[in-house]
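K.L.:
Supplied in structure tokens, the structure appears directly below.
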Amino acid sequence: ECGIAHRHMRIDLEPDERRPSAPLASIEAIALASSDRETARAAMLAVMATARRELCLFTRDLDPDLFEHAELLDAFRRVAIGEAQMRIRILVLEPVRARADGHRLVALSQRLTSIFAFRTPVEEVDRQYAGSYLISDRGAWFERPLASRFDGEGSTYGPGRRAQLHDAFNAVWERSEDCSEMRRLEI
1 ECGIAHRHMR IDLEPDERRP SAPLASIEAI ALASSDRETA RAAMLAVMAT ARRELCLFTR
61 DLDPDLFEHA ELLDAFRRVA IGEAQMRIRI LVLEPVRARA DGHRLVALSQ RLTSIFAFRT
121 PVEEVDRQYA GSYLISDRGA WFERPLASRF DGEGSTYGPG RRAQLHDAFN AVWERSEDCS
181 EMRRLEI
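Quick note: the sequence shown, position 15, residue 15 per our numbering, numbers continuous.
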């Protein structure tokens, strides 16, 4: 090429001394079970304590018996403001009822609009789901097969079941529409 002789060039580099990355703290797998309101709250608090970037909740009407409790509201507040990249997604089947009850979680979400997102399922198959569940991004999950009862089970580290619930949640989330009932009215 243009009569220019090619010269092989080589330089020896010293090995890169990188800092060893800090491993994530291991999460102990603790089985969660509930049969009443207090144990259901404790299980949800355990799931919320593991969250770092995402928390997903599928609920019928924001379960006032559970989420109106000061301890759970404080946990939502701590999770929401504790991490810079935190995102809390909530699917609500009956948003009008939750809004009409003056739910304090709705008031919290209206102050932290960049973190909370609400949607409501519109397809009949999604609206037929009778249960409720809460999942975190680090493998924790808690599910109540019937949202009208407090009986439920979960784990602080069950990545298999958590992945199933997360996939189901994402599928319903994509088919749902934005929940305007939960927005703050700017008048």
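Cβ atoms here follow ideal geometry from the backbone N, Cα and C, with glycine treated the same way.
Report the three-state DSSP secondary structure of leucine 91 (helix, strand or coil).
P.N.:
Note: leucine 91 maps to strand in three-state DSSP.
K.L.:
Between which two residues does the alpha helix (DSSP H) harbouring serine 109 extend?
P.N.:
Taken as a continuous stretch (DSSP letters only), the alpha helix (DSSP H) holding serine 109 covers 104-111.
K.L.:
Ordered along the chain, which non-local residues of its own chain (more than five positions away) have a Cβ less than 7 angstroms from that of cysteine 179?
P.N.:
Val92, Pro95, Phe118, Arg119, Thr120
K.L.:
Cα separation between histidine 166 and arginine 10?
P.N.:
The alpha-carbon of histidine 166 is positioned some 50 angstroms away from that of arginine 10.
K.L.:
If I'm right that tyrosine 133 touches glutamate 143 with Cβ under 8 angstroms, what's the distance once you round it to whole angstroms?
P.N.:
4 angstroms
K.L.:
Might you give, ordered along the chain, the residues of its own chain that have their beta carbon closer than 7 angstroms to the beta carbon of alanine 43, omitting 5 neighbours on each side?
P.N.:
Within the same chain, alanine 43 has close Cβ partners Leu32, Ser34, Phe142, Gly152, Gly154.
K.L.:
Using C-beta distances below 8 angstroms, list every residue in its chain close to alanine 22, excluding the 5 sequence neighbours before and after it, in chain order.
P.N.:
Residue placement at alanine 22 cannot be trusted, given a pLDDT of 49 that sits under 50; the coordinates are not used to answer.
K.L.:
Determine the direct distance from the alpha carbon of glutamine 85 to that of histidine 6, and round the result to whole angstroms.
P.N.:
50 angstroms
K.L.:
Could you check what DSSP says for glutamate 143 in three-state terms: helix, strand or coil?
P.N.:
strand
K.L.:
Tell me whether alanine 5 sits in a helix, a strand or coil according to DSSP, three-state version.
P.N.:
coil
K.L.:
When you compare only the Cα positions, how much space is there between serine 176 and asparagine 170?
P.N.:
A direct Cα-Cα distance of roughly 10 angstroms separates serine 176 from asparagine 170.
K.L.:
Does the distance from the CB of arginine 87 to the CB of leucine 108 come in under 9 angstroms?
P.N.:
No, they are not a contact pair.
K.L.:
For phenylalanine 169, report the span of its alpha helix (DSSP H) as first-last.
P.N.:
159-175
K.L.:
With distances taken between CB atoms, is the gap from alanine 80 to threonine 156 smaller than 9 angstroms?
P.N.:
no
K.L.:
So for glutamate 54, helix, strand or coil by DSSP?
P.N.:
strand
K.L.:
Tell me whether the beta-carbon of arginine 97 lies closer than 9 angstroms to the beta-carbon of valine 106.
P.N.:
no
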